[in-house]
Amino acid sequence: MGSVSSDDDMPLAKSNGHLSNAKISAAEDRALDKIDSKARTSAPGLSIRNGPVDDDSMEVDAGPNGVKRKSRSSIGKAVNYKDDSDSDDAPMAKRQKQIKKADSDSDDEPISKKKNGRLPPSIKETSVLEDSDDDQPLGAKLAQRKAEIEKAAAKESKALQAKAKKATPKKAIKDESDDEPLAKPKKRVSNGTAASSSKKANGVKKEEPESDSDAPIANKAKKPAPATKTKAAPAKKTPAKRGSATPKKGKSEEPGEDEEEEEEYRWWDEPKKEDDSIKWTTLEHNGVIFADPYKPLPKHVKLYYDGKPVNLHVEAEEVATYFGAMLNSTHNVENPVFQKNFFEDFKDILKKTGGAKDQNGNKVDIKEFSKLDFKPIFEYYDGLSQARKNRSSAEKKAEKAEKEAREAPYMYCKWDGRKEKVGNMRVEPPGLFRGRGDHPKTGKVKKRVMPEQITINIGKEAKVPEPPPGHKWKAVQHDNKATWLAMWQENINGNYKYVMLAATSATKQQADYKKFEKARQLKLHIDRIRKDYQRDLKSDVMADRQRATAMYLIDKFALRAGNEKDTDNEAETVGCCSLKYEHITLPEPDVVIFDFLGKDSIRFYNRVEVDRQVWKNLKMFKKPPKENGDDIFDRLTTTQLNKHLSSYMEGLTAKVFRTYNASWTMSQLLQKIPGNKKNLSDHEKLKLYNDCNREVAVLCNHKRTVGAGHEAQMEKMGDRIKGLKYQKWRTKMMMLDVDPKIKKKKGAEFFALDEDLDEEWIQKHQVFLVEEERKKITKKFEKENEKRVAEKERPLPEKELKDRLKAVSELEAKFKKENKTKKVEAEGRNPTVEKLQDAIEKLDKRIEALKIQATDRDNNKEVALGTSKINYIDPRLSVVFCNKFNLGIEKVFAKTLRDKFKWAIEQVGEDTTWEF
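Counting from 3, one number per residue, gives the positions in the sequence shown under the working numbering.
Here it is in structure tokens:
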């Protein structure tokens, strides 16, 4: 065990941990230069910690809100060319309801294993990424590109530093792209640490409190400074952009809004506040919406135990329905951990409520989970669900209107006198905790949140919202440094949950703006930071060497910094600074295999090549007597790392590197797209953008496993393309019907059936087209009748529907005749060869567009584009791309994102030269 500093205030090592030496001798360093040939290789795809990484073990997909589900193979081979896939840009609120994702797309999901055991190139390799369709893994290609981009970053950093030196010495250094002064670098001491940092930087890892991200903001706030009033600058009038998020004047369609829309609040045009820690001066809101009370099951619907129905207290029955209602979610209910946690909580509820009884009132001792039968409960709720789906559109609209009217008072708040939308005004309903990845608490009961658990944050002069009758709030406070409206603590992990403003609010937008501006400032310092940590990789001070190694991993491989965890009560998730002995394996000569649970319990498995010095350092940090459970970075904490980083730039933390690397990389990739691409179709332009976004996502580890429905979606797109090819062939045959002599002119090859089509597929496709026509006619008839009933008119008789459906029989007969005669009669008014030729050209364009979409979707099957685009790539880069290539912003940003990034759209305007 290494020596420990004698300082009185130096924390001791953990009782069960082994501590690295404080100093590193030259002999110890040289000893690691010798390569052990026996340890050069390890089985590719072998996970040292969590088992083999193969198709079965990783066959999960992130649903719309990140919940993992087992992949299901495509069912049925019937022809279907409808595209019903989910968009990466679906509104977050909708994703959460769907159980994510979308998109989720967690940014800590593992990069998929490398094929054929091949390793990615070293980060030092600088060969240009070629545009090819070979089998080289995308991650391998991007490792080459990343070195190129880092060279460009170093070059710009030097240029900015040179520019800053020319500035007046008395003035603060300014970033070329921002009017805000950059922070002056703090005075540094010889070993590279901040002068203001703790003298214990070289000591044993301190037992520090975990991240305060879940603590009430009131507890985190510093002493309030007096609020300052700022006069709003007059709103600038900018030309309306295509797809712009600028609201239209007039009556709003949003429920709860005033008749006349308020003037748009352009916070980006206002002068900067002297004290931006004060978030508001006045705040009014109506509180939260609680989950609906539980409705007991009908008397004939029972939980069965050992084949017999049992009676339960209403509280126990409610918990039973949580499990019974989700029997179709096999990934959860068949998970042994999920079952175990649920059963333990269920038995506790039974014990508190008097247990279960049979039909004669005799007590039933429920001991075995396997004897429980929830099917009657599932069938009951599934029937309710089907009945809801089968309601008429008029009933659905009426319910939607009623719901909007009920929620309207809670949807908006008054923030400094202006109306702002609330993001999540509903308290989470009770149910079973699912978690993400391999969460150890999956299946536990999420208890109903009561008013007595909720703290309200509101202005002093505002009327405090009334709690439900018979209840009271836990507390009411008036913290104007907090941006949350209500807060409570959930029972599963003890985390605090907040009611916040929507992503489109000025407060949230300003937070996004500051995040990306902070990342832009980093480009002034990045070259110096990288040079310093490269130097410290060979430091003889263990703390400095560990810090430099951690910075290398965070910068190169986008690892999260990580925080201390209470492993007795939380999932064993780690980041870079909290890596344990067992989380990395080190095959010779320079390979690192990461295998750990990252954020949200998502498994991070990655096999990479690193600088030889980094490999040596990690080998040293694992030096015996260290063993499983010991910290790799035992002389480094996230707090110490961030304090060191702040010596380069005020407010710089490890997580800023993720935003900087993503945005800087995207900027460089977009600049390399030739200007002559402006004449491409919108689909081709969007693919160019997605190609760049995909590279960023892989570089930042924003990977996902292949979605459960990907195979089926690709099959549907293939059927759509084949359907258009069949339509194109029929059109050509119509040309022969109009002018038989054209066959000699065009040649027999022109009229030949496409090689992708065969007789069997065509007949299946014809059946599909007939059925689609039947559905189309029936649906139109039903809608007409619903409209007539709503307008108190007599509905159309069934005879009318039968008459309309004759067209379906005629279509079916037409296909039979064509199959028999191999001839197609020309359709439409006055068909001519010229008209039919135009139709063929239009079909060619549609086919090409669909092929591009299919290629793009297949390329993105393992990459979470949404995470990069929404959270890490400066949205102004996307706006510039759309301006430069004349692509509508709505093609890149869905409506919700256009609202979220309104500031970026307005700031850039029509500019095509803005740079990150």
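We put the beta carbon where it would ideally sit given N, CA and C, even for glycine.
Integer-rounded CB distance, given that residue j should sit under 8 Å from residue i
| i | j | result |
| --- | --- | --- |
| residue 504 | residue 423 | 4 Å |
| residue 488 | residue 791 | That belief does not hold up - the Cβ atoms of residue 488 and residue 791 are roughly 43 Å apart, past 8 Å. |
| residue 596 | residue 434 | Going by Cβ atoms, the distance from residue 596 to residue 434 rounds to 31 Å, so no, they are not a contact pair. |
| residue 658 | residue 521 | 6 Å |
| residue 634 | residue 586 | 7 Å |
| residue 772 | residue 813 | 6 Å |
| residue 679 | residue 887 | 6 Å |
| residue 457 | residue 477 | 5 Å |
| residue 303 | residue 379 | 6 Å |
Cβ-Cβ distance between residue i and residue j below 8 Å
| i | j | result |
| --- | --- | --- |
| residue 527 | residue 650 | yes |
| residue 343 | residue 445 | yes |
| residue 644 | residue 583 | no |
| residue 482 | residue 618 | no |
| residue 880 | residue 664 | no |
| residue 845 | residue 740 | no |
| residue 563 | residue 577 | yes |
| residue 321 | residue 447 | yes |
| residue 409 | residue 355 | no |
| residue 852 | residue 872 | no |
| residue 287 | residue 467 | yes |
| residue 701 | residue 667 | yes |
| residue 795 | residue 396 | no |
| residue 499 | residue 430 | yes |
Range covered by the beta strand (DSSP E) that runs through residue i
| i | result |
| --- | --- |
| residue 906 | From DSSP, residue 906 is part of no beta strand (DSSP E) but of the alpha helix (DSSP H) over 904-910. |
| residue 498 | 498-501 |
| residue 427 | It is not in any beta strand (DSSP E) - residue 427 carries neither H nor E in the DSSP assignment. |
| residue 491 | 488-491 |
| residue 595 | 593-599 |
| residue 311 | 310-312 |
| residue 416 | 414-417 |
| residue 479 | 477-479 |
| residue 307 | 305-307 |
Neighbourhood of residue i by C-beta, 7 Å cutoff - its chain only, sequence neighbours within 5 removed
| i | result |
| --- | --- |
| residue 632 | 19, 20, 582, 583 |
| residue 669 | 879, 917, 918 |
| residue 756 | 727, 731 |
| residue 517 | 661 |
| residue 319 | 298, 299 |
| residue 524 | 651, 654, 658, 662 |
Residue span of the alpha helix (DSSP H) that contains residue i, given as start and end
| i | result |
| --- | --- |
| residue 606 | No alpha helix (DSSP H) holds residue 606; the beta strand (DSSP E) holding it covers 605-611. |
| residue 827 | It is not in any alpha helix (DSSP H) - residue 827 carries neither H nor E in the DSSP assignment. |
| residue 531 | 528-538 |
| residue 455 | Segment: none, residue 455 is in no alpha helix (DSSP H) and carries neither H nor E. |
| residue 388 | 377-391 |
| residue 923 | Not covered by the structure: residue 923. The range shown for the chain is 3 to 918. |
| residue 662 | 656-673 |
| residue 701 | 684-701 |
Status (buried if at least 16 other CB within 10 Å, exposed otherwise) for residue i
| i | result |
| --- | --- |
| residue 471 | exposed |
| residue 386 | exposed |
| residue 646 | buried |
| residue 918 | buried |
| residue 557 | buried |
| residue 722 | buried |
| residue 426 | buried |
| residue 549 | buried |
| residue 546 | buried |
| residue 752 | exposed |
| residue 642 | buried |
| residue 453 | buried |
| residue 479 | exposed |
| residue 639 | buried |
Beta-carbon proximity list for residue i, same chain, < 6 Å, skipping 5 on both sides
| i | result |
| --- | --- |
| residue 510 | 503 |
| residue 580 | 564 |
Close beta carbons around residue i, own chain, < 8 Å, minus the five adjacent residues each side
| i | result |
| --- | --- |
| residue 767 | 81, 721, 724, 725, 728 |
| residue 226 | Annotation note: pLDDT 39 at residue 226 (below 50); position unreliable, no value reported. |
| residue 829 | 736 |
| residue 682 | 690, 887 |
Beta carbon proximity, residue i to chain B, threshold 8 Å
| i | result |
| --- | --- |
| residue 478 | Annotation note: the requested chain B is absent from the structure, which comprises a single protein chain. |
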